[in-house]
Structure formats: structure tokens, C-alpha cells
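For reference, the structure discussed in these notes is given below.
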Amino acid sequence: MTACGKLYRRNLFDEVAFPAGRLVEDICVVVKLYTAAQRIILLDESLYCIRQQQGSTTRRLYSFQQYQDTLAAHFELVMDYLVNGYDPAPAFDRLKYVLDYYQWYMQQQGITDSPIYRQVMYYVKRMKALKEK
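As numbered in this note's numbering, residues 1 to 133 make up the sequence shown, in order.
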């Protein structure tokens, strides 16, 4: 989930804020905004454009902070689903996808001796054990 391409009422940010200093901060914030909104309107028309610039987080190789922040955001997303009484299956599925992708990507990049790779592998194994129960 991304905050881009959406317009929000200002008062939704009275209780919801983007976490300072965190990359990919919009993943968990969007769910909070959707939960706080009284209504959501979808348009078939494209009214928003985004400009990508060299060096932006979407155009460069992942840093260890980006791995950690993305994992933290997805864990927070799972918690938000649970706290709000939503079925957590979509959040768990997304988390599993991210973990599987990170495992594959880090293996491709040859960074399997890093602390973040060990953390990813820990959660991959935990998710697999949860599924088997």
C-alpha cells in the first residue's frame, strides 16, 4: 500500500502521522488512514502524477535500513489488522511475500552473511512454522 495517488482530508492526520526517520513509512500509515476515514471514494480518472528522481528510495538498491523499516512496517500492518478486528490473512500474505522476496534478492546479491539476512531467515522459518500449525 502506498500513500501516493490519494487525497486525504487534513483532519485524518490529527491522530495519524508518518513516522519520522523511517523509510517506506506509508505502508502502515495508509491502513490507519483508511480505518479513520468515514468514507472512501474511488475515481476511474487519473488525476495525480508522480515524478521519480535519480537517487530516490524507489530507484536505488535497498539499504539495510530500508530492509529493516519495510519489515517493521509490515509487522505493524499485521498488528493494525488484528487491533481493528480485520482478518489478518491479507497482511500475513503480504508479509510472507516480502520475506520470500528479500530472501531471494539477498541470495542473488550474495549478502547472505548479513544480520538482516539472518533476521529475514528467522521470520521465514517462523512464518512457515505458523502455516504448518
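The beta carbon of each residue, even a glycine, is placed where N, CA and C say it ideally should be.
Task: Inter-residue Cα distance where the pair is Met106 and Val30 - done: 27 angstroms
Task: Cβ neighbour criterion (16 or more within 10 Å) applied to Thr112 - done: exposed
- [ ] Given a cut-off of 7 angstroms, decide if Val120 and Leu95 are closer than it, judged by their beta-carbon atoms.
- [x] no
Open item on the list: If distances are taken between C-alpha atoms only, which option among Ala36, Leu7, Gln103 comes closest to Glu15?
Closed with: Ala36
Task: Where the alpha helix (DSSP H) through Val98 begins and ends - done: 89-109
Task: Distance between Glu45 and Ala72 (C-alpha atoms, nearest Å) - done: 33 angstroms
Open item on the list: Within a Cβ cutoff of 6 angstroms, which residues of the same chain sit near Tyr134, ignoring the five residues on either side of it in sequence?
Closed with: A question about residue 134 goes unanswered here, because the residues of the chain that appear run from 1 up to 133.
Task: Cys10, DSSP secondary structure in three states - done: At residue 10 the sequence reads Arg, which differs from the Cys that was named. It is helical.
- [ ] Could you have a look at Leu43 and say whether DSSP puts it in helix, strand or coil?
- [x] coil
Open item on the list: Comparing C-alpha positions only, which one of Ser63, Leu42, Tyr48 sits nearest to Arg22?
Closed with: Ser63
Open item on the list: Considering only their Cβ atoms, is the gap separating Ile27 from Tyr67 smaller than 7 angstroms?
Closed with: no
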